[in-house]
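Engineer: In this note's numbering, the protein residues as written are 493 to 591. Positions of the beta carbon are idealized from the N, C-alpha and C atoms, including for glycine. If you scroll down you'll find the structure; I have some questions about it.
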């Protein structure tokens, strides 16, 4: 049993990271090199809701479909081999004519 403990202690190297104020920092921290890889727009279903309106003194109810138009920009960092995306709402479209 003691031989096993000595084997474990002598076989592996223990390395420590520098600790400043309780945080571990990597020795080489490189800046990201974000480049635009792709840009596209996407239509996303936003659900539906009902609205009422008056026509010829009668109350009517209709269902309105909601569609969100979203612009997506995909970035790629070749230094760290990472991707990130940014999504922006362009407009919200209602199928019914109401406000």
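Leaving out five residues before and five after residue 568 in sequence, what residues of the same chain have Cβ atoms less than 7 Å from its Cβ?
Structural biologist: Translated into positions along the chain shown, residue 568 becomes position 76. Answer for residue 568: 527, 529, 575, listed in chain order.
Engineer: Measure the alpha-carbon distance for residue 581 versus residue 552 and round it to whole angstroms.
Structural biologist: Residue numbering aside, residue 581 sits at position 89 when the chain shown is read from its first letter. Residue numbering aside, residue 552 sits at position 60 when the chain shown is read from its first letter. Cα to Cα, residue 581 sits roughly 31 Å from residue 552.
Engineer: Identify whether residue 587 lies in helix, strand or coil by the three-state DSSP scheme.
Structural biologist: Indexing the chain shown from 1 puts residue 587 at position 95. Note: residue 587 maps to coil in three-state DSSP.
Engineer: Starting from residue 535, follow the beta strand (DSSP E) in both directions and report where the run begins and ends.
Structural biologist: Within the chain shown, the letter at position 43 stands for residue 535. First-last of the beta strand (DSSP E) with residue 535: 526-547.
Engineer: Relative to the C-alpha of residue 579, which candidate in 535, 559, 525, 565 has its C-alpha closest?
Structural biologist: Reading the chain shown from its first residue, position 87 is the one you call residue 579. The shortest Cα separation from residue 579 among 535, 559, 525, 565 belongs to 565.
Engineer: Using three-state DSSP, classify residue 552 as helix, strand or coil.
Structural biologist: Position 60 of the chain shown holds residue 552. Strand, per DSSP.
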